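To start, the structure under review is shown below, and the notes come after it.
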Amino acid sequence: MQKKTENGKYPSPEKNSKVLRDSGVNNAKSIDDGEKAKWVPTVSKEEYDSAEKELNRAFDAFECGRKKLVSRNEPMGYDRFNNAFYHFASCPKILFIEAAECDTKAQDPKPSPKPLPANKLSRTKWLTVEVRSVFDRFVNSLDIRGTREFALYNALVSSNIRKHMMDDMKGINDAKKRVRELEQLQKRLVAAESLLKAEVEAALTSSRRSGRLASQSQVDHAEAVEILKVQITAAKANLKPSPKKSPNYDSLTGLELQVNYDIALQYDSDDESHVDQSTNKCVPPKYVPGGWHETHHLSSSLWHKGADIEIPVSEMFELEQRCEDLSSWKIVDTTRNQWKKSLQYALDYFKKSSKLMIGPNRVDEEHNLNQSKRNGINGSKQMPGKETLLINVDEREKVSSVLERLKPLVLNLEARVFEMSGLEDVARVKSIALDNVSISSNSDGSDVKKTHAAWKKKIASMRMPTANSRRGPRDIIIEAINIACENGQEKISSELRGALKLHRTGNSVYAKKAALEVLNNHGGYDDPMEGDDDDETDTETNSIAEVDDLNLNNDIMSTMLSTDALELSGCLNIDDSARTDWINGVRSCKTLSRFSALVFNLVHESNEILNELEERNETFLKAIGDWEDNRCDSDDEQALSKSRKRKKKTRRQKEKYTSLTKVWTDTKTTENIVWGKIDDHPWMPAQLRNVNDPDVATQLEDVKRVVIRFIGKEDINVVKGNNTKPFMGPDESLDNLDDFDNEKVDQLTESLALTRRLHRAKDFRFSRSPTPRSSSRIRRISTSEEEKKSG
1 MQKKTENGKY
11 PSPEKNSKVL
21 RDSGVNNAKS
31 IDDGEKAKWV
41 PTVSKEEYDS
51 AEKELNRAFD
61 AFECGRKKLV
71 SRNEPMGYDR
81 FNNAFYHFAS
91 CPKILFIEAA
101 ECDTKAQDPK
111 PSPKPLPANK
121 LSRTKWLTVE
131 VRSVFDRFVN
141 SLDIRGTREF
151 ALYNALVSSN
161 IRKHMMDDMK
171 GINDAKKRVR
181 ELEQLQKRLV
191 AAESLLKAEV
201 EAALTSSRRS
211 GRLASQSQVD
221 HAEAVEILKV
231 QITAAKANLK
241 PSPKKSPNYD
251 SLTGLELQVN
261 YDIALQYDSD
271 DESHVDQSTN
281 KCVPPKYVPG
291 GWHETHHLSS
301 SLWHKGADIE
311 IPVSEMFELE
321 QRCEDLSSWK
331 IVDTTRNQWK
341 KSLQYALDYF
351 KKSSKLMIGP
361 NRVDEEHNLN
371 QSKRNGINGS
381 KQMPGKETLL
391 INVDEREKVS
401 SVLERLKPLV
411 LNLEARVFEM
421 SGLEDVARVK
431 SIALDNVSIS
441 SNSDGSDVKK
451 THAAWKKKIA
461 SMRMPTANSR
471 RGPRDIIIEA
481 INIACENGQE
491 KISSELRGAL
501 KLHRTGNSVY
511 AKKAALEVLN
521 NHGGYDDPME
531 GDDDDETDTE
541 TNSIAEVDDL
551 NLNNDIMSTM
561 LSTDALELSG
571 CLNIDDSART
581 DWINGVRSCK
591 TLSRFSALVF
601 NLVHESNEIL
611 NELEERNETF
621 LKAIGDWEDN
631 RCDSDDEQAL
641 SKSRKRKKKT
651 RRQKEKYTSL
661 TKVWTDTKTT
671 ENIVWGKIDD
681 HPWMPAQLRN
691 VNDPDVATQL
701 EDVKRVVIRF
711 IGKEDINVVK
721 GNNTKPFMGP
731 DESLDNLDDF
741 DNEKVDQLTE
751 SLALTRRLHR
761 AKDFRFSRSP
771 TPRSSSRIRR
781 ISTSEEEKKS
791 G
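Mapped onto UniProt numbering, the consecutive letters of the sequence shown carry residue numbers 1 to 791.
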């Protein structure tokens, strides 16, 4: 502890050091004034250089590792307007500014019980600083007397942001230099013109100077004036900024590289037109920005040609052409030429009205930043050098108008494939059958009431917490929809479908609540505790009745797909509700992305169906040729046997194509219902089909065969003429059913149930009611069931 002096103060540092030197303290390190310390290196020059290189390598590795890290999520600082400033290591040349502006117009004018906080009702605008001049002006505008801007100033100055930015100071200084040079030239021009004027006046007034010297002086001054005028003109031209070269977005986005790759995949390497004469190597054609090549691919058609609508439209054209190759146009509302013209017109309209561009459509704006006040970032509307992106407000209207033109065309195409596949006839038959459900005549009103209340029992079972523990609300609602459809309750089924759309994976509360509301709206269910035994007993008792003869979608599998996914997969579906959802999805779509998804799903499903139809059509043509050959051989054998008077029958060759062969040809349905028979199957009701191609129809008549489609089936069969018989009524039976297995008997039972409803819908009267000759097996089955119940 230091001692105080006599006057009560501590000694000064200088005096204190002098006292220490005088006392000899720490004199071991002191040196004489005349001697100077010499620095002696302890390492060699090679070691020093090696260490320096190691340090540089470590610093470079640190910088590279820092750039590979994730971008920062906290700003460097804030200015007086609370704008956040970011600098990312992955983009060191740019300073990013997040300018938040409160958007009071975006608030909902309607009063809400829980309004959003003010910081959530804002729009974020991002600005950038990319040149040193703007960076310097902004840094100088910061008020370092404030806490926020002082911290921001230190962060900006201490970082190396300015070093990485583009140096535009040289261009600014050169422009100032050119302005000064122009001013000097203009001053010299004024002086030269005044001298020329003085020389002219002196030559006219003075007589002492020689005329030759006076004229030579005037010529020199005039030449000087002309030279200065030329220099001033060139200097003014240099003052105008050179036109800014627009960036090549084809190259920046990588589209040019992708297109060249796609074109290289398409061209033929053996084509001599692509051989470079200098190198004698095959060189594929290159992509020209803004141009169009003959061998374009998906990437080359992605821009400049409106490909976001062209691709699905081209898929529609290809699909329609495949349909035309198999079947002629049958849509009554419009012709094929009108359909194609409408599709092409929609495509051309979209191309003309919506020109797609790579990169923004920009217009330079003038800015005035030479303000007396330092307004910071928010003081001016925009940073210098920035450009405004123009947004076409009519784009949504153009897209909606194009979609309105395309929607009916897509629905026509789906209906055409639906008719060709045979699904339309099946759906029509089953729809008529559902509309003509009846209860047996000996049943009373309680049976009808119980049938119509069956869906209520399913929905009411969801009220019990322990009921149907293995089945969720989705499965129960689907079963109720199925029961309502079978009973012809279309209004109830549509309301239950609306409740089913509210079901979400992991959350079935809203679907369950909506289904129970449908139940309450239709009178509720009085006895939800009733067991399921009555339903099972009724099903067994009425096994022959029509309600249980028609088995439509009895095995329903629940799915985890969302509503949108189910809507996409509903096209070409025999289930009327699923197909209706797809049609409604097409009619209600408002975006090109959703429309494209619906179209591509239609194309995918249609191509699978058309591939199968093409294979069956080829099989059908081969079968006709084979049948004609067999007929010709049979006729030749018969003629030969008659000429030789041989009584022995020749052995016929076994036919390669039978009535079980899956075939397809373009046909048209008729209202004639006949009995049809194919190999290993009983006689079943079927509809006769007329072949549209007259040549094919003539060939079928020559081989004595007809085309039929069994009731409720989508496939067609070609059978011999003697394998069809007039249909006199659904109670007629032409076979002994004991000779067939249960599966074929069930098919016959279902087909007969559908046929009864079709005749009931047409008010068909039988010419006679023959007694069934071979229905003993059905009677035996029903008798055994009654014995079990009584026992």
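The C-beta atom is built at its ideal place from N, Cα and C for all residues, glycine as well.
Note that the coordinates shown come from a computational prediction; the quantities given were computed from them, not determined experimentally.
query                                                                                                            : result
Rounded separation between Asn573 and Ser251 - CA only                                                           : 46 Å
Option in Glu479, Gln321, Leu152 and Asn520 with minimal Cα separation from Asn337                               : Gln321
Gly586 and Leu598 closer than 8 Å at C-beta                                                                      : The residue asked about is misnamed: residue 586 is Val in this sequence, not Gly. A contact, by the Cβ cut-off of 8 Å.
Stretch pair the segment 185-192 + the segment 155-173: three plus CB contacts closer than 8 Å                   : no
Spatial neighbours of Ala84 in its chain, beta-carbon cut-off 7 Å, leaving aside the 5 residues before and after : Pro75, Tyr78 and Glu98
Which residues DSSP lists as bridging Leu95, in chain order                                                      : Val129
Three or more C-beta pairs below 8 Å linking the segment 485-496 and the segment 420-429                         : no
Extent of the continuous alpha helix (DSSP H) run through Glu701                                                 : Pro694 to Asp702
Neighbour-count burial assignment, Arg145, 16 or more Cβ in a 10 Å radius                                        : exposed
Cys64 classed as buried or exposed, judged by whether at least 16 other C-beta atoms fall within 10 angstroms    : exposed
Residues that DSSP places opposite Asn690 in a beta bridge                                                       : Lys668
DSSP bridge partner residues for Trp675 (one or two, in chain order)                                             : Pro685 and Lys725
DSSP state of Arg705 mapped onto helix, strand, coil                                                             : strand
Cβ of Glu324 within 8 Å of any chain D Cβ                                                                        : Of the protein chains in this structure there is only one, and it is not chain D.
Endpoints, the beta strand (DSSP E) within which Phe85 is located                                                : Ala84 to Tyr86
Phe135 beta carbon less than 8 Å from that of Met165                                                             : yes
Exposure of Leu204, with buried meaning 16 or more beta-carbon neighbours within 10 Å                            : exposed
Closest Cα partner of Glu323 within the set Val707, Asn607, Leu748 and Pro92                                     : According to the sequence displayed, residue 323 carries Cys and not Glu. Nearest option by C-alpha distance: Asn607.
Cβ-based burial, Ile172 [other Cβ within 10 Å; buried from 16]                                                   : exposed
Buried or exposed by the 16-neighbour rule on C-beta atoms within 10 Å, applied to Val518                        : buried
Lys457: first and last residue of the uninterrupted alpha helix (DSSP H) it sits in                              : Ala454 to Ala460
Backbone CA spacing between Ala484 and Ser493 [nearest angstrom]                                                 : 6 Å
Beta-carbon spacing of Lys725, Lys704 below 8 Å                                                                  : no
Alpha helix (DSSP H) segment containing Lys662, residue limits                                                   : Here Lys662 belongs to no alpha helix (DSSP H), and DSSP marks it neither H nor E.
Sequence-distant residues of the same chain with beta carbon closer than 6 Å to Leu319, five excluded per side   : Val603 and Ser606
Contacting residues, own chain, Cβ-Cβ under 7 Å from Ser133 (five flanking each side not counted)                : Asp168, Met169 and Ile172
Cβ-based burial, Asp348 [other Cβ within 10 Å; buried from 16]                                                   : exposed
Through-space distance from Ile311 to Pro289, alpha-carbon basis                                                 : Because the pLDDT at Pro289 is just 47, under 50, the model does not fix this residue reliably, and the point stays unresolved.
Helix, strand or coil at Val718 [DSSP, three-state]                                                              : strand
Rounded distance between the beta-carbons of Leu343 and Leu409, thought under 8 Å                                : 5 Å
Straight-line Cα distance separating Trp126 from His522                                                          : 57 Å
Proximal residues to Trp329 (C-beta, below 6 Å), its chain only, five neighbours per side dropped                : Arg336
Rounded distance between the beta-carbons of Ala222 and Glu196, thought under 8 Å                                : Before going further, note that residue 196 is Leu rather than Glu in the sequence given. Right, the Cβ-Cβ distance comes to about 6 Å (below 8 Å), so this counts as a contact.
For Asp581 and Ala515, the rounded distance between their alpha carbons                                          : 19 Å
Enclosing alpha helix (DSSP H) for Val200 [first to last residue]                                                : Met169 to Thr205
The segment 659-668 / the segment 615-628 touching (three or more Cβ pairs under 8 Å)                            : yes
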